[in-house]
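Step one of this worksheet: look at the structure below.
Chains as they are written, first to last, in our numbering: chain A, 1 to 730; chain B, 1 to 199.
Put into C-alpha cells, the structure is as follows:
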C-alpha cells in the first residue's frame, strides 16, 4: 500500500524540505582556497539550458562561474541558475536506498532495494498481466536517461504504459507542429528573435519562465521591432509591449481566429507561399469566417480595434515571430491554439526564414530531448511513431528484439494515474516526476497513489510523491552523470559529469540497467557509461525526424551544440527548419487545419464566477522538489499568493495580506491576497510550485485536450471569499 | 576591465533578482548582496528596478564620513568602508543621494557595491551584469551601447541643486542629457547652477 507515513512532521524533519543557504564549508572558507576545477556544463532547470561553469572541489560542487563563451546565454543566468549549485551538498540529499518501515523509511542496501523492486514488479505482472505496471519518466532527465527509461519499459518490463511529465508541458505544441509542419520542434534558433520586425508573445511569461529569452526580445526592440504581448496578466515583459492584449483565460483561440479573419479579409495573406507550400488553406479560411473582430472581442475580452491592429502588424510584416508556451498549451483545446498560431505564420508566409517563424518555448530542462527518444507513450527513438511498422522494425533491429515484442502505445501520464485510480494499473516505477504536486486535482492523485500495490521511485530528494513509495532508489543529480540534452532551440548540448553521486547514491542509468538485469533482461542493457547509451541512441534515431546519427559528444563540444536533425558525421546540424518552404511531410507541404471553438472543461457560472489560472514564479521550478530546498530562492517568493485585481478585491472587501478562501468544483484552499493591477479583473492567479494545503492543483480539473492529453491548468472556475486565517500547512 | 563601462536601464528590468543572488557569490563579500532592488509599486505596476552603486566622481558618502573610511580608487571605483576605520555611524547611509550604502550589522560596517573589484581588476565582468537576463545591468564598451540601444547613457544627476556626475551610466530617453526630478533644480534664484532643461 502506497500511503504516506502517518507522521508527516517526522518525515519533513528527516527529509525536508530544509533550506540550504550556504555552499559546502560555508561562505568564508571557499573564497580563500585555490585549485578548484571549473566544469563547463549547463543549468539543470528550464528548457533554455544555459551554459554555466560549476566550481568543484573534493567531489563537491561549491559554486559557479558564468560561462560567457556559450552562445545561447553568454554568461546570463536567472536566480535559479545562480543558486542551482546548492543541491549536491544539500542536507536533504538521499544518500542510500530507502525501504518503507512501520514508522517511515529506513536505509537499505542496494541489493535489498533492487531485489525487492524487481520482485514486486515481476509478481504484479505475473498476477495481473504485463500492462498492470507503468513507468513514469521525466523531462529533466538527460536524453540518454530518457531513452533508457523508454527502452526499459518496453524491453525489460514489457509494459505498454510508459509516459512522462512532459505530458504536462509541451505536448499540445508538439502535436500541433507535428500535424501542421511534420516535425515537433521550434523551427527557428533564438538568434532569429532579434532579427524580427514583429514579435508576438502569446501565453508565455518570458520574464519569469524563460528569463534569458528576455534579452533576445529586448534586442529585437533595440532594433526597432514591435512587441505584442497577449496574456491575462501584465507579465514583466509586457512593461515594454507596443501592444498588450489582455486575453481572457481559455479564449486565446478566439483571439487568434479573429486575427486570421482580419488577415484573410484584408488581403494580408501570402497567396504565393500558401499555393506553393501548403495544403488545406480553405479549411482554416472556412473555420475563421465567422470570427469577425467583434465576435472574437466578445469572447476574448480583447478590443476589436486591437485585434485589427495586431492582425495588420503581423500580416504586413515579412519578419514576424511568434513565441508561445504553456499559456496556449494548457487547455482542452491546446492543440487548436497552437495550430492557430502556426496557421497565422503560414498564412502570412512568416516561416522558414531568418527572423520569421512560430516557436514554442519549451519549459522543462530537457523538454525537447526528453520527448524525442522513446519516453512518450506513442513514440520510439528519433521521434518515430510506435504504430509505424517500419519504425518498429528499425528500432527493434537496433535493440536486438523482434518487432512483435514491442508493446503497442499505452496511456498518457494523466491516463496512467486514472488507470491506477480505477485499479487497472497496480504497480508504478517513477523517476523525475512529482505528480502529487504537478497533476491536476491533487486529492485524486493522492487517492490513486494510495491504491498502488507497489510504488518504486528513483529520486535524489524525497519528494511529496516519493513519500508514498515502498522503495526509494537514491539517484543522481544532473551534474552527477554525463549526457546530452536538447534545449528549446533543439540545440543538442553536452552535460558534463562534475562530481560522483554522494554517499551510496548511484547514477540513474546504473540503477535502471541494474533493475533490467534483475528482470532477466540484462543482455539488452550492457551499458557501463552514458556514452555507450548515446552511441546506441544515435543508431536508433538514425533516419528518424530527430536524427542524432551525426552528433557526437566531441562535435557538441567543438560547435558548442549541434541542432538536430544531423544525419551524418559531416553534417553541421540544422539551426533553422523549413528553409525554402520545404516542410517535413512526405509531400513537402505544410498543412492548414480546421479550427473549432470549444468552451473550457470547467466553465464559469453563477456559483463559480471567477476564472482561475495557474503558472510559475521566477524563483521556483516546476513542482519545487529542488528549488523549494534552496534558501535564497524560497526567500524570494516564500509562499503561493492569490493575485487579484483591485476591482475584484473591492467587491469582496479584500486587501493585500488578507487570507482568502478559494473554492473550485474540486476542493478549496486558503491563501494570502496580493492585490495588483496587473491581472484581469475577472481572473485570479496562483503559482503552482507547492504541495498539500498550498497546492494550486487542489483546485484544477482533469479535463484533457483530446489529442495531446495535456491537462487544462490554465483555466478553471472558482469563487473567493475573505477568510479569518490560514488553514494550516497540510 | 579596460574599456568597459557600467550601464543601468531600469526599463529592461524584469524583477527576476538574479543580480541579488549572484552578488552574494562575489569573493569580496560572500553571502552578502550589495544590489539595491525595488518593486516600484507592485500593486500598481510590474515595474522593478535594480541598481548598483553609481560610483560618483565626487562621492558624497566619502565627503560625510567622519572616519575617512571610504576611498575612491584611481580607476574611479568607490569602495566599501575600510573595516579598520569604519565606525558604523551611518552618515554615508543617510547622505548618499542614491540611497546605496548599507550598514551591515554582522560586520558592523558600511558595505556597498565595489563593482566586483576582485573580478573587474582581473579582467572579469561584475557578477550582476554578467548574469542579468535582461541586461538591465550591462558592463560593456561605450561603442556597444551606442550601436545597440535606443536609449542614451547619462551620468549627470541633480538632487536639489547638488549636481553629481558618476562613473556608472543611466540609460535615458535619447533627448535627455541630465537627470533632474527635483523642482529646485529648475528654480532660478540667481546664484546657483541649474539643470540645462531649466532654460
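Think of the CB as a built atom: it goes at the ideal place given N, C-alpha and C, for glycine as much as any other residue.
Since the model is a prediction, treat every value here as computed from it, not as a measurement.
The region 321-390 of chain A is shown to contain whole alpha helix (DSSP H) runs of 4 or more residues at 326-329, 334-347, in chain order. Given a length threshold of 3 residues, each whole run of the beta strand (DSSP E) inside the region 33-64 of chain A is given here in chain order: 37-42, 51-57. Residues of the region 131-160 of chain B with a C-beta atom less than 8 Å from some C-beta of chain A are 131, 132, 133, 134, 135, 148, 149, 150, listed in chain order. Counted as a single uninterrupted DSSP element, the stretch harbouring residue 134/A is not any alpha helix (DSSP H) but the beta strand (DSSP E) occupying residues 133-137. Between the alpha carbons of residue 697/A and residue 172/A lies a gap of roughly 20 Å. Per DSSP, the beta-bridge partners of residue 152/B are 172/B. For residue 722/A, the closest alpha carbon among the candidates 687/A, 668/A, 701/A, 386/A is that of 668/A. By the neighbour-count criterion, in which a residue is buried when 16 or more other Cβ atoms sit within 10 angstroms of its Cβ, residue 15/B is buried. Interface annotation, residue 18/B: in contact with chain A, CB-CB separation under 7 Å. In this structure, the beta-carbon distance from residue 28/A to residue 493/A does not fall below 7 Å. In the DSSP annotation of this structure, the continuous segment of the alpha helix (DSSP H) that includes residue 635/A starts and ends at 631-636. With contacts defined by Cβ atoms closer than 7 Å, residue 138/A and residue 377/A do not form a contacting pair. Of the other Cβ atoms in all chains shown, fewer than 16 fall within 10 Å of the Cβ of residue 83/B; this residue is therefore exposed. 7 Å or more divides the Cβ of residue 163/A from the Cβ of residue 387/A.
Taking residue 183/A as reference, the option from 682/A, 642/A, 582/A with the minimal CA-CA separation is 582/A. Partner residues in the beta bridge of residue 99/A, as assigned by DSSP, are 106/A, 471/A. By a beta-carbon distance limit of 8 Å, residue 229/A contacts residue 244/A. Their separation comes to about 5 Å. Annotation: the continuous beta strand (DSSP E) that includes residue 719/A extends over 716-723. For chain A, the residues of the region 35-51 of chain B that bring a beta carbon within less than 8 Å of one of its beta carbons are 42, 43, 44, 45, 46, 47, 48, in chain order.
Around residue 68/A, the beta-carbon contacts reaching into chain B at under 8 Å are 125, 130. Residue 139/B carries a strand assignment under DSSP once its states are collapsed to helix, strand and coil. Residue 40/B is classed as exposed because its beta carbon has fewer than 16 other beta carbons within 10 Å across all chains shown. Any Cβ of chain B closer than 7 Å to the Cβ of residue 27/A would place that residue at the interface, and such an atom is present. At a cut-off of 7 Å between C-beta atoms, residue 720/A does not count as an interface residue with respect to chain B.
Contact annotation: in the region 70-86 of chain A, residues whose CB is within less than 7 Å of a CB in chain B are 75, 76, 77, 78, 79, 82, 83. For the region 627-656 of chain A, the beta-carbon criterion of a distance under 9 Å to any beta-carbon of chain B is satisfied by 632, 633, 636, 646, 656.
At the C-beta level, residue 509/A and residue 530/A come within 7 Å of one another. For the pair residue 4/B and residue 75/B, the Cα-to-Cα distance works out to about 12 Å.
The beta carbon of residue 21/B sits closer than 7 Å to some beta carbon of chain A.
Counting the other Cβ atoms within 10 Å of the Cβ of residue 192/B gives fewer than 16, which makes it exposed. Chain-ordered, the chain A residues with CB closer than 7 Å to the CB of residue 14/B read 207, 211, 214, 236, 237.
The C-beta distance from residue 381/A to residue 541/A rounds to 5 Å, short enough to meet the 8 Å contact threshold.
For residue 309/A, the enclosing alpha helix (DSSP H) begins and ends at 304-315. Judged by DSSP in its simplified three-state form, residue 7/B adopts strand.
For the pair of segments examined, the region 97-106 of chain A was found not to touch the region 128-137 of chain A: the number of CB pairs separated by less than 8 Å stays below three.
Chain A has no Cβ within less than 7 Å of the Cβ of residue 79/B.
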